[in-house]
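> Going by numbering that gives the first Met the number 0, 113 is the number at position 114 of the sequence shown; the sequence numbering is gapless.
Glycine included, every Cβ here is placed at the ideal spot set by N, Cα and C.
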Amino acid sequence: MAQKLETADGEASSAGGRPISDAEVRSAFRTVLQWIGEDPDRDGLRETPDRLVRSYREYFCGYEEDPAQVLRKTFSEVDGYDEMIVLRGVTFESHCEHHIAPIIGRVWVGYIPNRRVVGISKLARVVEIFAKRLQIQERLTAQIANTIDEVLKPAGVAVVVKAAHHCMISRGVHKRGSDLVTSRMLGVFRDQAVTRSEFLSLVNADTMEK
Ligand SMILES: [Zn+2]
Numbered sequence: 000m001a002q003k004l005e006t007a008d009g010e011a012s013s014a015g016g017r018p019i020s021d022a023e024v025r026s027a028f029r030t031v032l033q034w035i036g037e038d039p040d041r042d043g044l045r046e047t048p049d050r051l052v053r054s055y056r057e058y059f060c061g062y063e064e065d066p067a068q069v070l071r072k073t074f075s076e077v078d079g080y081d082e083m084i085v086l087r088g089v090t091f092e093s094h095c096e097h098h099i100a101p102i103i104g105r106v107w108v109g110y111i112p113n114r115r116v117v118g119i120s121k122l123a124r125v126v127e128i129f130a131k132r133l134q135i136q137e138r139l140t141a142q143i144a145n146t147i148d149e150v151l152k153p154a155g156v157a158v159v160v161k162a163a164h165h166c167m168i169s170r171g172v173h174k175r176g177s178d179l180v181t182s183r184m185l186g187v188f189r190d191q192a193v194t195r196s197e198f199l200s201l202v203n204a205d206t207m208e209k
């Protein structure tokens, strides 16, 4: 199935220099409205730049949080549990860094613990934090897997992401109904075909996918 990922260039960093005010961003959105041929002062649009500021704050709230910290705070020592733990089909919404168009998809996360087990909701938080940044799907996939690997130090981590890219649907090639599948397998998921295929059968059996 998926392409293998070799790189994950770490955390997003905030831009240097002076902070940018909401007013400046509102003004930029107002300029875009004028540029497409609209009148930003008509009734329906008057509040739009401000709504966009609030929307962007929500779309990109992942820059302010550290996913490693989410996992670090909550791990517990659980002696003896060494079976596969799988979070299936967690939904996410992200934005592609090339077009700022939505990427809508699901993530399957599996790991085999090595003493440290984390609450399943924390895995979903990690997905959420990385998704709420400008992304490409390959990096999103790798970042989720690498962070779990680095913090929990499990016997293995497997991540599969399936997503539709709106930059392919509403513009460009205008293709609907296709999705992109990416995966990253670490540790025993990479080394042991049996473990990998056990995980992938759980991914493919997931009826919540549609
Ligand atoms: Zn794009």
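(1) Assign TRP34 to one of two classes, buried (16 or more other C-beta atoms within 10 Å of its C-beta) or exposed (fewer than that).
(2) Quick check: ILE128 and ASP65, are their CB atoms within less than 9 Å of each other?
(3) What's the gap between the Cα of ILE135 and the Cα of CYS166?
(4) Near LEU86, which residues of its chain fall below 6 Å by C-beta distance, leaving aside the five closest residues on each side in sequence?
(5) In angstroms with no decimal places, state the Cα-to-Cα distance between LEU201 and GLY155.
(6) Taking buried to mean at least 16 other C-beta atoms within 10 Å of its own C-beta, is LEU4 buried or exposed?
(7) Check the DSSP bridge columns for ALA162 and list the partner residues they point to.
(8) According to DSSP, is ALA154 part of a helix, a strand, or is it coil?
Once the coordinates are examined:
(1) exposed
(2) yes
(3) 12 Å
(4) VAL108, ILE119, LEU122
(5) 16 Å
(6) With a pLDDT of only 35 at LEU4, under 50, the local geometry of the prediction cannot be trusted, and the value read off the model is given with reservation. Its Cβ being crowded by 16 or more others within 10 Å, LEU4 is buried.
(7) GLY104, LEU179
(8) coil
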